[in-house]
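Here the protein sequences line up with chains W and F, keeping their order.
So the first sequence is numbered by the UniProt record's numbering: it starts at 1 and just counts up by one.
So the second sequence is numbered by the UniProt record's numbering: it starts at 1 and just counts up by one.
Every residue, glycine too, gets a C-beta built ideally from N, C-alpha and C.
Right, one structure below, let's go through it.
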Amino acid sequence: MFNSNSSMPNTHFARFKTSKYAVKLDPMLKKRDDFEDMLEERRNSSDLRYALRCYTPVLYRGVTPCKSSVLKSMVLQSDHIHYVINQVSKETGRATDDVQEEASAILEEMAHRLQLSTVRFFAFTLSKIFKTLFRSICVNEEGIQRLQQAIQEHPVVLLPSHRSYMDFLLMSYLLYTYDLALPVIAAGMDFMGMKIVGEMLRMSGAFFIRRSFGGDKLYWAVFSEYVKTMLRNGFAPVEFFLEGTRSRTCKSLTPKLGLLNIVMDPFLKGEVFDISVVPVSISYERILEETLYARELLGVPKPKESTSALFKARKVLSEDYGSIHVYFGQPVSIRSMAEGRVNRCQFNLIPRHIPKRPDEDIHNFVNDSAYRLVRAQEENMVLKPWVLLASLLLQKHHQNQAPGQKRGIALEELTQQAVWLRDLSRQYGAFLHWPDHTSPSDVVYSSLSLHRGLVRISEGRLLNQAVIMLSCASYRNQALHVFIRPALLASAIHAASSNKKQEVFNSFSFLRNTFSNEFILCPGATVQDFEEACYLLVKTGVLQVNPQEVVVTERGHRTVAFLTALLEPFLQGYQVSQTNMTLLRYIEVLSSDLQKNTLAALLRLGAVRKINGYVAFNHPCVPVWFEWLEQQLNKTCKNKQAKVQHFSDSDISASMRKQLEFHTVMCIVRIFSLVAGISIRQIQSQTAYDFFHLFILPKIKLKRNEQDTRGEGTSP
Amino acid sequence: MASNSSGGSPDRQRIAQQRLRRIAGHLQRPVDGDSTIVAAECKAQGGKPDASSEGRTVPRRRQEIMKWNGWGYSDSRFLFNKKGQAEFTGKRYRLSGMIIPGLKDWMESTFGASLQHKIPATPILNSSAVQPPTLNDAFVDELKSTGIPFSHDAEDRVFRAHGHCLHEIFALREGKFGRVPDMVVWPSCHNDVVKIVELACKHNVCLIPYGGGTSVSSALECPPEETRSIVSLDTSQMNRILWIDEKNLTAHVEAGIVGQDLERLLNESGYCTGHEPDSMEFSSLGGWVATRASGMKKNIYGNIEDLVVHVKMVTPQGVIEKSCQCPRMSTGPDIHHFIMGSEGTLGVVTEVTVKIRPMPEYQKYGSVVFPNFEQGVACLREVAKQRCAPASIRLMDNEQFKFGHALKPQVSSIFTSFLDGLKKFYITKFKGFDPNRLCVATLLFEGDREKVLQHEKQVYNIAAKFGGLAAGEDNGQRGYMLTFVIAYLRDLGMDYYVIGESFETSVPWDRMFLEELGISLVKSHTAVTQTYDVGACVYFYFAFNYKGLSDPIHVYDEIVITSDGRKKEILANGGSLSHHHGVGKLRKKWMSQTVSNVGMGMLKSVKDYVDPNNIFGNRNLL
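This is the structure:
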């Protein structure tokens, strides 16, 4: 397969064959490639020479790279754009020239202007920055070879996971390093707002798309034609993030289908033979935006992307962010995915340039593919010991919440549990990067010291801080994909009224359905997931499954307890949103991400419904609930000043109880904002309470009146 | 590749727009009666004056703009005004609002009709005379839930119970209604039709597809023996052009669109289908497909079977369509040929991909006078042999030529009438043509200007060999205009005891004459309307005055339709049962004779498979 390697201009492959980062794998489990540290060479040779070296990537079928201006005119002259321009001009009564101009303005705003000089500049600066920030950047070079092969054969789509702003710079940096064709990257418009930097990103291959352009036909046409033109001609690999945005929780987000639909189109319409999709898993030992995310989840607004903010953020340079693992997964052929699933004949009946909403079977296919690809990303995510530690610490923390108990956990106990969890997760197929040659306690100790911002070792005990919980939870979330299916089963067993297999399955199915906005659970794969979970739990001796019953074994209780505890915060989060707020035990419940997912799930399940764009609960006791909230708010409002103080200072050392109280209120406000259909970002621009009284209460009252006037008819 | 299409486009667009403006100008009634004929004039004059690009001709309640008991638009009709002069009302046609001085004499001399003896039609539809609808409640309930509009109003139902055969219209004028559909549904897209057909199958309801309602084969008559609820499926609201593919020169169109809308909308994009059957103002694309229609310009554009690239039809067994839109396939018998000519017995045609052509740059009418019909036919045959037939070539016999003259509007200028007189003098006196024998061929040339002129020369040279004399564009154009108004004229005749009918057949070249076809009618016109390599399509028009006869329809039947002898004679003499009108119920008794018993068996087995419960129960064809 890699015979052609000898002719490759690349010399990296031969160099680090004996890497200390090679991961030992359970032979039972999936074969994964070894990693090489690509930063090592950067530390040993000149960055400048590296940035100026001869860069001659191999391209798809030897196409010559296309100037961005040529690309633009190709797009504007395409039949598709012509068709849509005429359509728009017919519908709106505007002159075609006018619409044409708008199209070309849209393209101008969107298009990348890839320039090698800028790429070289980034190569130089990023080398410097990466070397300071990270201990190592490990890449599976076999994956790189596969990618190189794929690029020559078919148009390629790169699908990296998205955890950090870093991701796409890192991707381009790596591809440059390995002498691969530089990708063009779909980036959010937010970046374009950054002076100079935005343009530099553009010159390094980013193209900018608006976050939402719902009904704008012309925008959609220009955008999709732009992507398709690049793909069809194989000018460059197209890179985008399936998750649509950075995951603030480190949990994979449910995939967004828009761009995937677009890139599949040329294949479905028979314009290219095949398209290779390469899932790329980027795992950070410590995420640059760690605290930023936690705050964002609590409602502190995302700082607007700006050059000055970037400049200010340079203080991160002084910190140690551990290592990065980048795993280029097996290229997936869209052709083989579609085999037997999609009847491409249907596309013969409509001219290719006429845009058409995908039929249901295509939609389902794209959706399933998207989930499969996200799962492929998840599978190759490297888990650091810290991830396991975070899971354990969080669970311990909750067990210790009873008053009078000392918080924290003994270091030895933690180490011992960590080793147990390490073995468990390996059995479940986790891609765990646990240095086997060092003693477990050293591993634990070094992990903790890397994350000293989050946990502190005080006289052998760890003290957790409230605000930091969410950061920890994010790390724990990295391991969720390994445990999610067994955990759902464990919780299902816990919740089911008997051991009957059918009942456990029903309970499993309910939980799975409820959480399908929260975790990556392939639609329609309930039975497979159930079987997979059973298989894993039986394999590890936790369960005994016979055709009628599901029984937890004696030695399985520990695992079951761990697994149920893993899901517990989510379960509570969903309950809180549905019933009341008084029983707040898990700080994670405050996470806006959780609330958003809850609301989506509730909407999906029909528990709430939208009224004129607002969301209303389909529950007869809603008015009661509103009243209770008002009382709560009146109570807490008395201490308003003090709390807002806390908030603005974000004084971590302040008493946790008070903080919790404050965040409870924030959380209520946020839920209301969701209910009232106001975006969260608006809320933080003002003092929360003022905002609540000014905007939300009137709306609630209004809605209550509405409900009153509508009478019984609206409630089920 | 992409740049090619766009490079030429602004230029092409400009030309198209120019042309459109020109055509729009001609669709309006000319200001002074006898303006010069412009090349690009389109025959489809029926465009509504208020038609915007989105405007469609046919409303759900057709009776709002069309006659319920006669042909065409309510506002357009022939009548004799107070001065006793014939006049054509309305504003839609070139002839509209004009006095036609010759018509009265022609009617009196040809049929012995008299303005004193008038027999007006029942003016208003008497709803109580219509059978109350037999509704299938379960079907109606489920149909309601789909939101597809429907009606069981008597007017709506009566309107869809007939085509335009003489006996059908005659009965309506008398206020007599037979079995009529029990309700009418108006699907607005393919999926609506799928739902309706599913429901019909579920509840065992009889469906009769209805397109333009211009059938002349009793195809729309409800079988009197049908006991189930009969639902007329009116496709008129499925009238969008879904897309135009300029690369492959195809358009994908909903089947309910009527010919004039299709051409008008395509013309807006600079294209046309070129399919212009005489009924194109009202007949629908789906109807053309279902009856194997023929357009007068088939020499350039082909008949419907040549134009159709892809058809989607909803049948009780599901949707039938090909998986591609290829130019030709060798995949067994062409399934399109099960659909084309199925006359609504297998399903509803919902969407059709048709070939389109860029609009012709130049159009020119022409006419040739021959000393007699035989010479004319010989000329047509030679033209066909040399394969140089213009877009349309038609030959009218002497009777029809006179009829055409009778329809000449009053000329406003003395100069034109002087010229006409001069022409007549030249032909009859100078060239020695017998005015009672001469006949005329009308011609329509299309293409780019130079080729048209060259082509014209070639055809006139051939004509000269057969004694033909070029007789000017005006005569040619009037010939084509006639086809649009002749149907209106029948209503006028019926007001004065004159009933008329036309029928058509196709025959080989060696059997072109009435005698050869075993037809000897007292008063009949003959016209050759289409020519092929091996033969031609022949039309017979005949009419007579029935004043004094007790049951005119019976008389009429005896003469033409049920007199098996005539039709049998045509068949026995090598003519076809129909060239393009179809079989319907009127001619189905001759089907097995035409296609053989085995052929009938083949067709029947298709019907049995596709529609075992006879949901599409109009009982045409078989």
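Item, Value
"Spatial distance of residue 81 of chain W from residue 455 of chain F (CA atoms)", "40 Å"
"CA nearest to the CA of residue 434 of chain F, picked from F:442, F:425 and F:441", "F:425"
"For residue 301 of chain F and residue 275 of chain F, believed in contact at Cβ under 8 Å, the rounded distance", "6 Å"
"Contacts around residue 51 of chain F, its chain only, beta-carbon distance under 6 Å, and the 5 residues preceding and following it disregarded", "Only weak support exists for where residue 51 of chain F lies, its pLDDT of 33 falling under 50; the value from the coordinates is given anyway. Same-chain partners within the cutoff: there are none."
"Proximity winner among W:346, W:352 and W:371, relative to residue 360 of chain W (alpha-carbon distances)", "W:346"
"Straight-line gap, residue 372 of chain F to residue 135 of chain F (C-alpha atoms, nearest Å)", "58 Å"
"Beta-carbon neighbours of residue 350 of chain W, restricted to chain F and to distances below 8 Å", "243 and 252"
"Anticipated Cβ contact below 8 Å, residue 371 of chain W with residue 486 of chain W, distance rounded", "Not confirmed; about 19 Å, so no contact."
"Residues from the region 58 to 87 of chain W in contact with chain F, defined by Cβ distance under 7 Å", "74, 77, 78, 79 and 82"
"Residue 355 of chain F - DSSP class collapsed to helix/strand/coil", "strand"
"Where the alpha helix (DSSP H) through residue 501 of chain F begins and ends", "That residue, residue 501 of chain F, is in no alpha helix (DSSP H); its beta strand (DSSP E) goes 498 to 508."
"With 16 other Cβ atoms within 10 Å as the buried cut-off, status of residue 548 of chain W", "exposed"
"Neighbour flag for residue 185 of chain W against chain F, beta carbons, 8 Å", "no"
"For residue 540 of chain W, the nearest candidate out of W:480, W:554 and W:399 (CA to CA)", "W:554"
"Paired residues, beta bridge with residue 447 of chain F - DSSP", "F:362"
"Whole-angstrom distance between residue 31 of chain W and residue 144 of chain W, CA atom to CA atom", "16 Å"
"Contact with chain W by residue 324 of chain F, beta-carbon distance below 8 Å", "yes"
"Residue span of the alpha helix (DSSP H) that contains residue 234 of chain F, given as start and end", "Looking at the DSSP string, residue 234 of chain F is not in any alpha helix (DSSP H); the run it does join, the beta strand (DSSP E), is 230 to 234."
"Same chain, Cβ closer than 8 Å to residue 140 of chain W, five either side skipped, listed in chain order", "32, 33, 34, 35, 36, 326, 327 and 328"
"Backbone CA spacing between residue 543 of chain W and residue 75 of chain W [nearest angstrom]", "58 Å"
"Interface residues of chain W facing residue 310 of chain F [CB-CB closer than 8 Å]", "349"
"Bridge partners - residue 394 of chain F, DSSP secondary structure assignment", "F:442"
"Residue 227 of chain F versus F:607, F:245 and F:205, residue with shortest Cα-Cα distance", "F:205"
"Candidates F:108, F:167 and F:391, of which the one nearest residue 403 of chain F by Cα", "F:108"
"Listed by chain order, chain F residues near residue 137 of chain W by CB distance under 7 Å", "What residue 137 of chain W touches in chain F: nothing, since even the nearest Cβ is about 41 Å away."
"Residue 517 of chain W: first and last residue of the uninterrupted alpha helix (DSSP H) it sits in", "Neither: residue 517 of chain W is in no alpha helix (DSSP H) and is coded neither H nor E."
"Span of the alpha helix (DSSP H), counted from its first residue to its last, around residue 318 of chain F", "Where residue 318 of chain F is concerned, there is no enclosing alpha helix (DSSP H), although the beta strand (DSSP E) it sits in stretches over 318 to 320."
"Anticipated Cβ contact below 8 Å, residue 103 of chain W with residue 238 of chain W, distance rounded", "Between residue 238 of chain W and residue 103 of chain W the Cβ distance is about 20 Å, and since that is not below 8 Å, they are no contact."
"Contacts around residue 162 of chain F, its chain only, beta-carbon distance under 7 Å, and the 5 residues preceding and following it disregarded", "168, 172, 220 and 221"
"Rounded distance between the beta-carbons of residue 593 of chain W and residue 249 of chain W, thought under 8 Å", "5 Å"
"Exposed unless 16 or more other CB atoms sit within 10 angstroms - verdict on residue 605 of chain F", "exposed"
"Same chain, Cβ closer than 6 Å to residue 377 of chain F, neighbours up to 5 away in sequence not counted", "512"
"Contact belief for residue 310 of chain F with residue 349 of chain W at Cβ below 8 Å, rounded distance in angstroms", "7 Å"
"Residue-chain proximity (residue 354 of chain W, chain F), Cβ-Cβ < 8 Å", "yes"
"Inter-residue Cα distance where the pair is residue 70 of chain W and residue 54 of chain W", "24 Å"
"Unbroken alpha helix (DSSP H) run spanning residue 201 of chain F, endpoints", "190 to 203"
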